[in-house]
Structures are given as C-alpha cells and as structure tokens.
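Report on one structure; see the data block that follows.
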Amino acid sequence: MAEKITKDMKIGEVVQKHPETALVMTSHGLHCVGCQIAAFESIEQGCKGHGMDDKQIDEMIKEMNKAVEEEDKNKE
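Numbering (the working numbering), first residue to last: -16 to 59.
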C-alpha cells in the first residue's frame, strides 16, 4: 500500500511517484504538474497560488489518494 498523499508533499515528487495523480490535479485547474517550480512547491502552495480554498484542496487530495489506491489494485 502506498503512503497517503498529503498537502505538504511536493507536487513534483507526488507526480513522479504516482503519475496517475497528474490527471486529478489538472482536472482541478492545477496545471503546474510539469512546471519547474513543482519540484519545490507543496501541493497546498500550488493550490493556494491558484485560488483554491482548504475544502477544495482536501477534496483534491482525497481524489488523488483514491487514484493511487485504484492504480495499486490494478497492479495486483
């Protein structure tokens, strides 16, 4: 089982480990998955920079964790 994604994790690190999360982020308007700053910026920082509130961030994180969980199941 993969570790849970949190808002404190770096965008670039999460996308590198779990490429399936990129689609979730872009569907929420967070298109910085390929941006150079993604290596240094946390998910929360990126979301706040794009005008997302805490509730929206939490919802996106839940969707990201669900995507990772589903991907893990497909690998079994």
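Glycine is no exception: its CB is placed at the ideal position from the N, C-alpha and C atoms.
Check: Nearest-angstrom beta carbon gap, methionine 43 and methionine 8 [assumed within contact, 8 Å]; Outcome: 7 Å
Check: Isoleucine -12 - containing alpha helix (DSSP H), residue span; Outcome: Segment: none, isoleucine -12 is in no alpha helix (DSSP H) and carries neither H nor E.
Check: Whole alpha helix (DSSP H) elements within the stretch -15 to 25, 4-residue minimum; Outcome: -6 to 0 and 4 to 10
Check: Member of Lys31, Gln19, Glu24 and Gly(-5) whose CA lies at the smallest distance from the CA of glycine 12; Outcome: Lys31
Check: Alpha-carbon to alpha-carbon, lysine 56 and cysteine 15; Outcome: 27 Å
Check: DSSP three-state assignment for glutamate 59, whether helix, strand or coil; Outcome: coil
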